[in-house]
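Structure first, commentary second.
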Amino acid sequence: MRTAIILSTFLALTIASCDIPARRAQQQQQQQQHQQPATPKALDDNSAAYDITSKGRGEDLVESLYDEQVSKNPDLKLLEDKLKALQAGRHDSVEAFNRFNDKNEIYYNVAGQHVEGIKDSVLRDKIKVLVAGSLKKYQGLTAGHNELLKAIEAKNLTLADLHTVLKVVRTLQVMETYQQDNLPSAKPLKGYIYSQNEALKLVDTLVKK
36 MRTAIILSTF LALTIASCDI PARRAQQQQQ QQQHQQPATP KALDDNSAAY
86 DITSKGRGED LVESLYDEQV SKNPDLKLLE DKLKALQAGR HDSVEAFNRF
136 NDKNEIYYNV AGQHVEGIKD SVLRDKIKVL VAGSLKKYQG LTAGHNELLK
186 AIEAKNLTLA DLHTVLKVVR TLQVMETYQQ DNLPSAKPLK GYIYSQNEAL
236 KLVDTLVKK
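Below, the structure is given as structure tokens:
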């Protein structure tokens, strides 16, 4: 009886020890599958997004890849929300001054046309000086506002450039990972070249007959 128990225990331990490498291999395989980044939808051959992109060459792959990153990255999502808010707020920030400035520019243009209609040359020249002086004062009054508008426009251009740089840099990383993980085997190409060579040999043989 004791011998049977010892034998059963030995067999159980043997089976368990044999099962450990298999379990470890299975765990390692699961970890590798978990760690391997998923192929972006825009690059996945089985994805509807790829099908649309491949058929319609007008699709912007950089934008598609970047949008997918934005949906997964809170920092990028925060940035995009902030940029949208800036774009929406720009109109409200500059609209009041633009309307004010437009009215003044229209006035001085029309006033100049009226002055040109004065027949008395001496009087016309005096009014020209008067209008020009008023225009110069207005330009001094609004100089600060115009400098701020220039600064806003310059920063908008810088933001747009950096936004483009961010999209390209982020998507380049995705593309390089995709290239490393999804480069097709060269075997089909080599096989086709082999078939071509065989056909060339046959053609050459037939030509020389």
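Residues in the sequence shown are numbered from 36 upward in steps of one, following the numbering used here.
Just so it is clear, CB atoms sit at the ideal spot from N, CA and C, and this is done for glycine as well.
As the structure is a prediction and not an experimental result, all values here were calculated from the model.
Buried/exposed call for residue i, threshold 16 Cβ in 10 Å
i	result
K185	exposed
N133	exposed
V209	buried
Boundaries of the alpha helix (DSSP H) in which residue i is found, first to last residue
i	result
S128	P109 to E151
K202	A178 to N217
K222	K222 to K243
Contact belief for residue i with residue j at Cβ below 8 Å, rounded distance in angstroms
i	j	result
Y111	Q104	The sequence given here places Leu at residue 111; Tyr does not occur at that position. Right, the Cβ-Cβ distance comes to about 6 Å (below 8 Å), so this counts as a contact.
T206	Y101	6 Å
G147	V166	6 Å
N217	T74	7 Å
H198	L118	7 Å
Residue from the options with nearest C-alpha to residue i
i	options	result
I187	E94, Q122 and A221	Q122
E140	K117, D239 and S169	S169
A178	H126, N136, A77 and D160	N136
K202	E115, D80 and K76	E115
L78	L237, N232, H126 and T212	T212
R125	I228, N191 and P219	N191
K163	H180, N144, N181 and Q174	N144
Below-7 Å beta-carbon distance, residue i vs any chain D residue
i	result
F135	No chain D is present in this structure, which holds just one protein chain.
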